[in-house]
Amino acid sequence: MEGGESELFDVTARGPGEPEVAIVGGVHGDERSGIRAVRRLRDADLEFQRGVAFVLANPAAIAANERYLDSDLNRVFPGDPNGDREERIAAQLCEFLEELTTLSLHGTESQPTPFALIHSAHEREFELAARLPVPHVVDHRGMNEHTITACGVNVEIELAFEDSDRETARAEYQARAFLKGVDALPGEPPDADPDFFHMDAPVQKPSGETYEVSVENFERVPAGAAFASVDGREIVADEPFSPIMMSPYGFSEIFGYRGHTIGESLAEVTETWLDRDRE
Ligand SMILES: [Zn+2]
Numbered sequence: 000m001e002g003g004e005s006e007l008f009d010v011t012a013r014g015p016g017e018p019e020v021a022i023v024g025g026v027h028g029d030e031r032s033g034i035r036a037v038r039r040l041r042d043a044d045l046e047f048q049r050g051v052a053f054v055l056a057n058p059a060a061i062a063a064n065e066r067y068l069d070s071d072l073n074r075v076f077p078g079d080p081n082g083d084r085e086e087r088i089a090a091q092l093c094e095f096l097e098e099l100t101t102l103s104l105h106g107t108e109s110q111p112t113p114f115a116l117i118h119s120a121h122e123r124e125f126e127l128a129a130r131l132p133v134p135h136v137v138d139h140r141g142m143n144e145h146t147i148t149a150c151g152v153n154v155e156i157e158l159a160f161e162d163s164d165r166e167t168a169r170a171e172y173q174a175r176a177f178l179k180g181v182d183a184l185p186g187e188p189p190d191a192d193p194d195f196f197h198m199d200a201p202v203q204k205p206s207g208e209t210y211e212v213s214v215e216n217f218e219r220v221p222a223g224a225a226f227a228s229v230d231g232r233e234i235v236a237d238e239p240f241s242p243i244m245m246s247p248y249g250f251s252e253i254f255g256y257r258g259h260t261i262g263e264s265l266a267e268v269t270e271t272w273l274d275r276d277r278e
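If you want it as structure tokens, here you go:
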């Protein structure tokens, strides 16, 4: 980048020509498996067919092994060039990613299975996510609007939070599948057939000492069923919902999110969800 403040994020371009694709890790500095996967792929001897940018989004937070230093980077996109550290990173990174097709790697305490997060403002994100080897894709339009999905065409993958070789390998597997899906690496991505959900609303955590969640994420909870408890008192669903990122302690104020199914295939979600959206 030219002029002004030097780059606040770390970027390495690989492959022929200007980058058209980006793999981003370290939006949260303590989500280590994605950071390690970005470093591994960046340094690997691979035949890239398109220009790929490998990005470590928040090097200072990565060095400190902290989620962030001033403010949560994944809540301040598209950023502010005159703001605090993360707001400035967000502004620069958003500009950098604006014309690129991006995969961003994250870790969450709430859900061991990888799943994808997208935003239906960009229909292309549904096609990209449908080619990833994940069982579930979540459209978060209307919830947490200020994440990195605000920048260009951007798919987020949530992996388990743990810092392990196994989780790093899973992050790398997702990134390689993405790179194959956009023809930046040779070969076809593995078969994938995810189902699609919309993230509707947070589920607040009443105050208490001990919390439990008694349901599986993405498995529909019928009305009247107990899905969590606070100090042994059960919480019952008023209406049916599909839990997303629900866990007892993953977030301080909420258990996670209520969601609902929007399609069992890309064709179905395009017809029933995206077309309806357009009206
Ligand atoms: Zn994250």
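Counting from 0, one number per residue, gives the positions in the sequence shown under numbering that gives the first Met the number 0.
Yeah, the Cβ is synthetic: ideal placement off N, Cα and C, and Gly gets one too.
Fair warning: this is a prediction, and the values are worked out from it, not measured in the lab.
Using CA coordinates, which residue listed in 30, 160, 92 is at the minimum distance from residue 101?
Along the sequence shown, one-based indexing puts residue 101 at 102. Taking only the C-alpha atoms, the option nearest residue 101 is 92.
Kindly indicate which residue of 21, 7, 263 has the alpha-carbon position closest to the one of residue 38.
Looking up residue 38 in the sequence shown gives position 39. Of the candidates 21, 7, 263, the one whose C-alpha sits nearest the C-alpha of residue 38 is 21.
Report yes if the C-beta of residue 73 is less than 8 Å from at least one heavy atom of ligand 1; otherwise report no.
Here residue 73 refers to the residue found at position 74 when the sequence shown is read from its first residue. Within the cutoff, so yes.
Got a sec: does ligand 1 put a non-hydrogen atom nearer than 8 Å to the Cβ of residue 286?
Nothing in the structure corresponds to residue 286, since the chain is present only between 0 and 278.
Residue 64 bridges to which residues according to DSSP?
Here residue 64 refers to the residue found at position 65 when the sequence shown is read from its first residue. Partner(s): none; residue 64 has no beta bridge.
In angstroms with no decimal places, state the Cα-to-Cα distance between residue 223 and residue 237.
Locating residue 223 in the sequence shown gives position 224, counting from the first residue. Locating residue 237 in the sequence shown gives position 238, counting from the first residue. If I take the Cα positions, the gap works out to 6 Å.
Taking 8 Å as the limit between beta carbons, can you name the residues of its chain near residue 63, skipping five residues before and five after?
For the purposes of this step, residue 63 is identified with residue 64 of the sequence shown, where counting begins at 1. Cβ neighbours of residue 63 beyond the five flanking positions: 28.
Could you check where the alpha helix (DSSP H) with residue 288 kicks off and where it finishes?
The structure shown has nothing for residue 288, since the chain only spans 0 to 278.
Sufficient close CB pairs (3 or more, under 8 Å) joining the stretch 166-180 to the stretch 130-137:
yes
Would you say the beta carbon of residue 23 is closer than 8 Å to some non-hydrogen atom of ligand 1?
One-based indexing of the sequence shown puts residue 23 at position 24. Outside the cutoff, so no.
Using DSSP with H/G/I as helix, E/B as strand and the rest coil, what is residue 160?
Residue numbering aside, residue 160 sits at position 161 when the sequence shown is read from its first letter. If DSSP states are grouped into helix, strand and coil, residue 160 belongs with coil.
Just checking my contact of residue 243 with residue 138 at CB under 8 Å: how many whole Å lie between their CB atoms?
For the purposes of this step, residue 243 is taken as residue 244 along the sequence shown, with counting starting at 1. For the purposes of this step, residue 138 is taken as residue 139 along the sequence shown, with counting starting at 1. About 11 Å separates the two Cβ atoms, so there is no contact after all.
Reference residue 272, options 197, 8, 203, closest by Cα:
As a working mapping, residue 272 is identified with position 273 in the sequence shown. The option with the nearest alpha carbon to residue 272 is 197.
Buried/exposed call for residue 103, threshold 16 Cβ in 10 Å
Counted from its first residue, the sequence shown places residue 103 at position 104. Buried is the call here.
For residue 117, report the span of its beta strand (DSSP E) as first-last.
By one-based count along the sequence shown, residue 117 stands at place 118. Start and end: 114-117.
C-alpha distance - residue 173 paired with residue 53, whole-angstrom precision
Here residue 173 refers to the residue found at position 174 of the sequence shown. Here residue 53 refers to the residue found at position 54 of the sequence shown. Between residue 173 and residue 53, the C-alpha separation is close to 14 Å.
Pull up the CB-CB distance for residue 229 and residue 210, whole angstroms please, since I reckon it's below 8 Å.
As a first step, residue 229 must be located in the sequence shown, where it is residue number 230. As a first step, residue 210 must be located in the sequence shown, where it is residue number 211. Right, the Cβ-Cβ distance comes to about 6 Å (below 8 Å), so this counts as a contact.
Using 10 angstroms around the beta-carbon of residue 231, count the other beta-carbons present and answer buried if the total reaches 16, otherwise exposed.
Locating residue 231 in the sequence shown gives position 232, counting from the first residue. So residue 231 counts as exposed.
Identify the continuous alpha helix (DSSP H) that holds residue 104 and give its terminal residues.
Position 105 of the sequence shown, counted from the first residue, corresponds to residue 104. Unbroken run through residue 104 is the beta strand (DSSP E), 100-107; no alpha helix (DSSP H).
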